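With our numbering applied, the sequence shown corresponds to residues 1 to 86, in that order. Every residue, glycine too, gets a C-beta built ideally from N, C-alpha and C. Because the structure is a prediction, the values reported are computed rather than measured. Worksheet: the structure to be examined is printed underneath.
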Amino acid sequence: MSQQVKKLETPYPLIDADPHASRVLRYMRPSDYGVIAASTAAAPGALYLWEHFDPSAKSAKLRGPLKLAALIGFTGGFLLAYQRSS
């Protein structure tokens, strides 16, 4: 059972097949940072709107869930930007 490696035909030469994480972070574009910022802001914004239109309780405290949503949005945005940069 030998594994076959699929070779991609692209007009650009391959620079680095497996870049180190620090190299990927150093070469992030401004649009990658925009993806991180947008997802960090969108996750708590969506949670706030969801709670506004369909409240779960009259005295719902959103401070903790909004922080968690921001962390989840940041993590998702970072992973997406990392994938786009590598």
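Using a C-beta cut-off of 8 Å, the stretch 71-83 makes contact with the stretch 34-54, since at least three inter-stretch Cβ pairs fall below that distance. Between residue 86 and residue 5, the CB-CB gap reaches or exceeds 8 Å. Residue range 30-53 is occupied by the alpha helix (DSSP H) that includes residue 40. Within the same chain, 44, 47 and 48 come within 8 Å of residue 66 by CB-CB distance, once the 5 residues on both sides are set aside. The three-state secondary structure of residue 62, taken from DSSP, is coil. One Cα belongs to residue 29, the other to residue 63, and the distance between them is close to 32 Å. Here residue 16 is exposed: its Cβ has fewer than 16 other Cβ atoms, across all protein chains shown, within 10 Å.
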